[in-house]
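In what follows, a structure is listed as structure tokens, so that the remarks can point back to it.
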Amino acid sequence: MEPSSFPNGLNVKSPFLNVESEVHPSIIECPIGTIPILHNNRREHIAGHNIDALFTKFKQQGVAGTKNYDNVYGASAIINVYEPKVKKDSKHLSATGIQIDNGPNGLEGIIVGYSVAPNLVGDSFARFHIAWDAGASNKSCYDHTCPGFVQVNCNFGLGGRLQHVSVYNGKQYVLKILIFKDTKTKNWWVAYGEANIPIGYWPSSLFTYLRDKGNYTLWGGHVSGPTASSDSPQMGSGHFASEGHGKAAFIKSIQIIDENNKLITPNENRVVTGTSDITKYTVDGYGIDKEGMHMYYGGPGNFV
């Protein structure tokens with residue numbers, strides 16, 4: 001199963017040209033009609049508030065990136081993948097991705113990206129995750145922890161490790177993420193990579209406020225945890241944005257999908273770029289080119 005259509009202006013099978021290499025997600029060959037479910041003993045015994053960490057529900061958190069306050073029907077970006085340092089016993093998380101919300105105080109939302117969460121998964125690798133909050137259920141979910149997301153790709157392992165992550169002052173690796181509403185079914189689809197390979201979708205019926213569109217989008221990093229304000233983990237590469245390419249993490253080709261199902265650069269008048277705490281995380285190098293917006297972001301937090 002695939003989407004009935006893709007956004008206008010998207011090259012579905014055409015590779016993008018850049019100086020970085022793509023990360024390799026966990027690909028597991030499963031028989032047609034089945035999907036890989038990655039087993040995690042730790043996940044099955046953790047408390048619910050640890051799952052909420054994937055959806056930034058902790059009061060103590062930090063954010064750095066670009067926010068768009070406008071109606072959207074999808075979003076896209078190319079994300080530089082690192083493995084920020086997170087203390088293993090801290091119940092903290094450091095993540096980067098695309099988030100689309102709607103409803104009072106962002107009551108409903110979807111997130112696609114990668115995170116490092118030792119307490120949640122038992123290791124410090126960068127792993128690909130999806131997460132959502134349907135509002136009415138009053139519960140945050142990620143990957144396959146609860147019903148909702150319909151995976152159609154029989155080879156992609158949600159929660160799987162991303163191979164060949166970036167190295168500070170060394171080779172850089174990226175992940176392209178695309179979230180978009182199917183114009184016929186109204187479902188929210190997720191695709192990845194230079195070929196925009198569909199992973200699956202959230203049925204529109206799962207949501208109330210997000211059923212038709214989003215009204216807030218974030219591209220960037222976030223950290224969360226019970227003591228994230230006083231003992232913050234790294235974000236991005238763990239270095240400040242001012243260090244630039246090869247040293248600071250970046251997000252580029254930032255675009256949204258408008259009401260005409262067209263990929264466009266966000267309206268600058270509706271965009272805010274910044275950070276929750278400039279002493280821990282920064283944003284720099286913000287600009288616009290023919291591929292969309294771009295920026296560097298991240299920092300060391302309190303990690304020394």
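Okay, so the sequence shown: first residue is 1 according to the UniProt record's numbering, each after it adds one.
Beta carbons are placed, not taken as given, at the ideal position from N, Cα and C, and that holds for glycine.
Query - DSSP bridge partner residues for Tyr201 (one or two, in chain order) - result: Val150 and Trp189
Query raised in the report: Where does Ser115 fall in DSSP's three states?
Result: strand
Query raised in the report: Which stretch, first to last residue, makes up the beta strand (DSSP E) that contains Ala77?
Result: Gly74 to Asn80
Query raised in the report: Three-state secondary structure (DSSP) at Val174?
Result: strand
Query raised in the report: Can you list, in chain order, the stretches of the beta strand (DSSP E) that have 3 or more residues and sit fully within the segment 217–274?
Result: 249–257
**Report entry** Asn105 - DSSP class collapsed to helix/strand/coil
**Finding:** helix
Query - First through last residue of the beta strand (DSSP E) which encompasses Val86 - result: No beta strand (DSSP E) holds Val86; DSSP gives it neither H nor E.
Requested in this report: Pull up the CB-CB distance for Ile177 and Tyr192, whole angstroms please, since I reckon it's below 8 Å.
Outcome: 6 Å
Report task. Measure how close the beta-carbons of Asn80 and Ala249 come, nearest whole angstrom, since I'm counting them as under 8 Å. Result -> 5 Å
Query raised in the report: For the candidate residues Tyr69, Tyr201, Pro118 and Phe125, whose alpha-carbon lies nearest to that of His144?
Result: Tyr201
Requested in this report: Could you tell me the distance, in whole angstroms, from the CA atom of Tyr142 to the CA atom of Ile111?
Outcome: 9 Å
Query - Nearest candidate by alpha-carbon position, reference Asn237, set Tyr297, Gly103, Ala195 and Ser124 - result: With the sequence shown as reference, residue 237 is identified as Ser, and Asn is not the correct amino acid for it. Measuring from the Cα of Ser237, the nearest candidate turns out to be Tyr297.
Query raised in the report: Just to confirm, are Tyr216 and Tyr69 a CB contact at a threshold of 8 Å?
Result: yes
Requested in this report: Use the C-beta contact count for Asp182: other C-beta atoms within 10 angstroms, 16 or more gives buried, fewer gives exposed.
Outcome: buried
Query raised in the report: For Asn267, which residues from the same chain have a beta carbon less than 7 Å from its beta carbon, with the 5 sequence-adjacent residues on both sides left out?
Result: Asp70
Report task. May I have the straight-line CA-CA distance separating Gly246 from Ala126, to the nearest angstrom? Result -> 18 Å
Query raised in the report: Within this structure, are the beta carbons of Glu291 and Ser230 separated by less than 8 Å?
Result: no
Query raised in the report: Thinking C-alpha only, which one of Gly135, Ala117 and Ile199 is nearest Leu107?
Result: Gly135
**Report entry** Enclosing beta strand (DSSP E) for Asn61 [first to last residue]
**Finding:** Correcting the residue identity first, residue 61 is Gln in this sequence and not Asn. Gln61 to Asn68 is the extent of the beta strand (DSSP E) around Gln61.
Report task. Count the other CB atoms, across all protein chains shown, that sit within 10 Å of the CB of Met1; report buried if there are 16 or more and exposed otherwise. Result -> exposed
Report task. Please name the residue, chosen from Pro198, Thr185, Lys171 and Pro203, that lies closest to Pro147 on a Cα-to-Cα basis. Result -> Pro203
**Report entry** Span separating the alpha-carbon of Ser115 from that of Asn260
**Finding:** 32 Å
Requested in this report: List the whole-angstrom C-beta distance separating Leu175 from Leu10, where the pair is believed to meet the contact cut-off of C-beta under 8 Å.
Outcome: Leu175 to Leu10, Cβ: 16 Å. No contact.
Query raised in the report: Count the other CB atoms within 10 Å of the CB of Gly301; is the residue buried (16 or more) or exposed (fewer)?
Result: buried
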